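K.L.:
Residue numbering for the sequence shown follows this note's numbering, starting at 90 and increasing by one per position.
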Amino acid sequence: MNELDFTLDAKALDDDGHIEGLAAGYGNLDHGGDIILPGAITASIAGRKSVPMLMYHDQKRPAGVWTHFQETSDGLLVKGRFSMSTTTGREAHGLVKDGAIGGLSIGYRAIRDRMVGKARHLVEVALHEVSLVTIPMNEKALITSVKSLIAAGQMPSLSQFEDFLREAGFSKSQATAIAGKGLAPLLRSESGSDPSEFLAALAAQART
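#1: Among residues of its own chain, excluding the 5 on either side of Ile-190, which ones have a beta-carbon nearer than 6 angstroms to its beta-carbon?
#2: List, from N- to C-terminal side, the alpha helix (DSSP H) runs of 4 residues or more that fit wholly inside the segment 168-231.
#3: Determine the DSSP secondary structure at Val-132, reduced to helix, strand or coil.
#4: Report yes or no: do the segment 135-144 and the segment 206-214 share at least 3 C-beta pairs separated by less than 8 angstroms?
#5: With a 10 Å radius around its C-beta and 16 neighbouring C-beta atoms as the bar for buried, classify Leu-193 as buried or exposed.
#6: What's the call for Pro-225, buried or exposed, on a 16-neighbour Cβ count within 10 Å?
#7: How should Ile-125 be labelled, buried or exposed, when 16 other C-beta atoms within 10 angstroms of its C-beta is the threshold for buried?
#8: How many Å lie between Asp-119 and Thr-175 at the Cα?
#9: Measuring only the C-alpha atoms, how far is Leu-165 from Gly-188?
#10: Count the other CB atoms, across all protein chains shown, that sit within 10 Å of the CB of Asp-123; report buried if there are 16 or more and exposed otherwise.
#11: Could you tell me which of Phe-158, Gly-116 and Glu-213 sits nearest to Gly-136, measuring between CA atoms?
#12: Does the Cβ of Thr-233 have 16 or more other Cβ atoms within 10 Å, making it buried, or fewer, making it exposed?
#13: Give me, in chain order, the residues of the same chain whose beta-carbon lies closer than 6 angstroms to that of Lys-168; leave out the 5 immediate sequence neighbours on both sides.
#14: Let's see if you can read the secondary structure: which residues bound the beta strand (DSSP E) around Arg-150?
#15: Quick check: what's the CA-CA separation for Tyr-115 versus Arg-170?
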């Protein structure tokens, strides 16, 4: 499954758990070089009554459900509600309300696409879910986050490290692979080497 991130334009958010925002922007070039064309999602949402609302594309962390879809000139407008009866739903609602979560990201499968120059134009996609995500951080912010834990006398757990990578813009599969292969060297860095150098090398390798 592929992912595309967009800044969350929360047009409506109330205390009852309802939210409205732009889940996918048309004509927007993402960091991976993909552009969703107008109408690319039309067939996928036709007749659908709901789409899962997840936290960080994690199927084990459903936060609610999207129940209304409208294609506009800007992109796909979605309306939904948080599951306020669940811990994840209440947490997600609070994070969005506080501004800690500032993005929406669609999980999709490309059905038809074409290359135009160096950009991939998505002509038709199958929409699987719409996730709440933090605004992707750059590699320097990632390094700062991990080093702050170390400075406090704590080493990141595997799940924490994966979260850092996801927030930096890596896909779930990339984060899992990097964390699985790279956490042991990171933990060994406590004995002397600079973890920022290790993380910077991982980031550079993953993005090439």
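Quick reminder that beta carbons are idealized off the backbone N, C-alpha and C, glycines included.
Note that this is a predicted model, so its numbers are computed, not measured.
P.N.:
Taking the definition as stated:
#1: Excluding its 5 nearest sequence neighbours in each direction, Ile-190 has C-beta neighbours in its own chain below 6 angstroms: Leu-184, Leu-221 and Thr-223, listed in chain order.
#2: 176-187
#3: According to the sequence displayed, residue 132 carries Ala and not Val. In the structure shown, Ala-132 sits in a helix (DSSP, three-state: H, G or I).
#4: As far as the Cβ criterion goes, the segment 135-144 does not touch the segment 206-214, which means the pair count is below three.
#5: buried
#6: Model confidence at Pro-225 stands at a pLDDT of 46, short of 50, so the residue's coordinates are unreliable; what they give is reported in the following sentence. Result: buried.
#7: buried
#8: Note on geometry: alpha-carbon atoms of Asp-119 and Thr-175 lie some 32 angstroms from one another.
#9: 21 angstroms
#10: buried
#11: Measuring from the Cα of Gly-136, the nearest candidate turns out to be Phe-158.
#12: Because the pLDDT at Thr-233 is just 43, under 50, the model does not fix this residue reliably, and the value given afterwards should be weighed accordingly. Thr-233 comes out exposed.
#13: Glu-109 and His-157
#14: Element bounds for Arg-150: 147-160.
#15: Distance between the alpha carbons of Tyr-115 and Arg-170: 24 angstroms.
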